[in-house]
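Written below as structure tokens is the structure these notes are about.
Residue numbers (this note's numbering): 31 to 124.
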């Protein structure tokens, strides 16, 4: 993976997405890239090269949100789970 590919992946992320368990958003990752691109690139490239993510990057927060237009919100099927992943792990997946 090239440094440009990592930068492009970081820039392609939305600032409107919710952060994972650490609370670090895509905007924070973009800011870190501005000041520590070499270090962040090395971490991402090593993860890709070794086909392994740090355990902390694999953690998520599961949020349950209501499905729109359901007639009865007392039923579990009126909701769906979403997994809020760590922003940095999304970069590796792109």
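For glycine and all other residues, C-beta sits at the position ideal for the given N, C-alpha and C. The structure displayed is predicted, hence computed values, not measured ones.
Backbone secondary structure at residue i - three-state DSSP
i: residue 78; result: helix
i: residue 71; result: helix
i: residue 48; result: coil
Beta-carbon proximity check, residue i vs residue j, cutoff 8 Å
i: residue 117; j: residue 45; result: no
i: residue 120; j: residue 32; result: no
i: residue 71; j: residue 36; result: yes
i: residue 110; j: residue 97; result: yes
Proximity test, residue i beta-carbon vs the ligand NAD heavy atom, cut-off 7 Å
i: residue 73; result: With respect to the ligand NAD, the structure offers nothing, as it holds no ligand at all.
First through last residue of the alpha helix (DSSP H) which encompasses residue i
i: residue 124; result: Where residue 124 is concerned, there is no enclosing alpha helix (DSSP H), given that its DSSP letter is neither H nor E.
Continuous beta strand (DSSP E) stretch holding residue i: start and end
i: residue 94; result: 90 to 96
i: residue 108; result: First-last for residue 108: undefined, no H or E at that position.
message = When you compare the region 47 to 54 with the region 107 to 116, are there three or more beta-carbon pairs, one atom per stretch, that lie closer than 8 Å?
response = yes
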